[in-house]
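Reading through the structure tokens given below for one structure.
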Amino acid sequence: NAGVTQTPKFRILKIGQSMTLQCTQDMNHNYMYWYRQDPGMGLKLIYYSVGAGITDKGEVPNGYNVSRSTTEDFPLRLELAAPSQTSVYFCASSYPLQSGANVLTFGAGSRLTVL
Amino acid sequence: AQTVTQSQPEMSVQEAETVTLSCTYDTSENNYYLFWYKQPPSRQMILVIRQEAYKQQNATENRFSVNFQKAAKSFSLKISDSQLGDTAMYFCAFMKLEEYGNKLVFGAGTILRVKS
Chain A
1 NAGVTQTPKF RILKIGQSMT LQCTQDMNHN YMYWYRQDPG MGLKLIYYSV
51 GAGITDKGEV PNGYNVSRST TEDFPLRLEL AAPSQTSVYF CASSYPLQSG
101 ANVLTFGAGS RLTVL
Chain B
1001 AQTVTQSQPE MSVQEAETVT LSCTYDTSEN NYYLFWYKQP PSRQMILVIR
1051 QEAYKQQNAT ENRFSVNFQK AAKSFSLKIS DSQLGDTAMY FCAFMKLEEY
1101 GNKLVFGAGT ILRVKS
């Protein structure tokens, strides 16, 4: 019962580099999300997906891209990393609210530092 | 857009005592869910308790209970018999009942320290 798995757990990037944060869930959840958490702050939604092939922007999408080719995977791509993207990133998944199961399951987080 | 406000950046409580964390939210919606999540130093987000807005009865999970005041848009968390393991950041979160995506909106969090 792995739940939501994120890799890597830690990463240091130089300004202008690119990278992909990986997220995989094994619960057959339709919905997946990427949040970022800045120091001392709550989580803010970057992107979300309601199913394979469908993605949409959240509150803070600039500087990021996502794709959802399978139900299980939802990678987050950072292009041209900037210091403002230094944060902890959380992937999460859930069933649709209408199914009555509205709880998000979170991954353990990925700490990214851009220098 | 919905907003969630947690007005207490930090709280502390003695072990075995009771503490209440505050949360207010702003919405024009009538159907929604409210949550409290706990984030210990491990960073893992753990669901503590949830409340459906259409239910008048306050949710309870063991030592954790909420005071849900829909008209006042208030959703406080009470922790009874506090334990050292309750030390964590606590987030209040709002979810609108909608067709497309169950998006959580989080407050800024309250750091709770339980002292022995």
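Residue numbers (my numbering), protein chains in the order written: chain A, 1 to 115; chain B, 1001 to 1116. The beta carbon of each residue, even a glycine, is placed where N, CA and C say it ideally should be.
Please check the pair residue i and residue j, which I expect to be a contact at CB under 8 angstroms, by giving their CB distance rounded to whole angstroms.
{"i": "Leu78(A)", "j": "Val66(A)", "result": "11 angstroms between Cβ atoms; not a contact."}
{"i": "Met32(A)", "j": "Cys91(A)", "result": "7 angstroms"}
Do you know whose CA, among the options, lies nearest residue i's CA?
{"i": "Val60(A)", "options": "Tyr48(A), Ala2(A), Gly53(A) and Ala52(A)", "result": "Tyr48(A)"}
{"i": "Val50(A)", "options": "Val4(A), Ser93(A) and Tyr89(A)", "result": "Ser93(A)"}
{"i": "Tyr30(A)", "options": "Phe1106(B), Tyr1100(B), Val1114(B) and Leu1112(B)", "result": "Strictly speaking, residue 30(A) in this sequence is Asn, with Tyr absent from that position. When only C-alpha atoms are compared, the closest one is Tyr1100(B)."}
{"i": "Val1018(B)", "options": "Ser1080(B), Phe1091(B) and Ala1108(B)", "result": "Note that residue 1018(B) is Thr in the sequence shown here, rather than Val. Nearest of Ser1080(B), Phe1091(B) and Ala1108(B) to Thr1018(B), Cα basis: Ser1080(B)."}
{"i": "Gly107(A)", "options": "Ala81(A), Met41(A) and Gln22(A)", "result": "Gln22(A)"}
{"i": "Leu115(A)", "options": "Ser87(A), Pro96(A), Thr105(A) and Gly109(A)", "result": "Ser87(A)"}
{"i": "Leu1104(B)", "options": "Phe1035(B), Phe1075(B) and Ala1059(B)", "result": "Phe1035(B)"}
Going along chain A, which residues have a C-beta under 7 angstroms from residue i?
{"i": "Ala1108(B)", "result": "Met41 and Gly42"}
In this structure, how does DSSP classify residue i when only helix, strand and coil are distinguished?
{"i": "Gly1107(B)", "result": "coil"}
{"i": "Ser1065(B)", "result": "strand"}
{"i": "Ser49(A)", "result": "strand"}
{"i": "Ser1082(B)", "result": "coil"}
{"i": "Ser1012(B)", "result": "strand"}
{"i": "Ser1007(B)", "result": "coil"}
For residue i, which residues in chain A fall below 8 angstroms Cβ to Cβ?
{"i": "Leu1021(B)", "result": "Here the premise fails: no neighbours, minimum Cβ distance about 14 angstroms."}
Counting only Cβ pairs nearer than 7 angstroms, list the residues of chain B close to residue i.
{"i": "Ala81(A)", "result": "Residues of chain B passing the Cβ test: none, with the nearest at roughly 21 angstroms."}
{"i": "Ser94(A)", "result": "Asn1102"}
{"i": "Leu112(A)", "result": "Within chain B, no residue comes near Leu112(A); the closest Cβ sits about 13 angstroms away, beyond 7 angstroms."}
So residue i contacts chain B; which residues on that side make the cut at Cβ distance below 8 angstroms?
{"i": "Ala108(A)", "result": "Ser1042, Arg1043 and Gln1044"}
Next item on the list: Check distances from the C-beta atoms of the region 52-77 of chain A to those of chain B and list, in chain order, the residues that come in under 8 angstroms.
Entry: Asp56 and Gly58
Next item on the list: Pull out every residue of the region 1095-1106 of chain B whose Cβ sits closer than 7 angstroms to any Cβ of chain A, in chain order.
Entry: Of all residues in the region 1095-1106 of chain B, those with a C-beta nearer than 7 angstroms to a C-beta of chain A are Met1095, Leu1097, Tyr1100, Gly1101, Asn1102, Lys1103, Leu1104 and Phe1106, reading in chain order.
Item checked: Contact list for the region 1-33 of chain A against chain B, Cβ threshold 8 angstroms -> Tyr31 and Tyr33
Item checked: Interfacial residues, the region 1077-1092 of chain B to chain A, with Cβ spacing under 8 angstroms -> Phe1091
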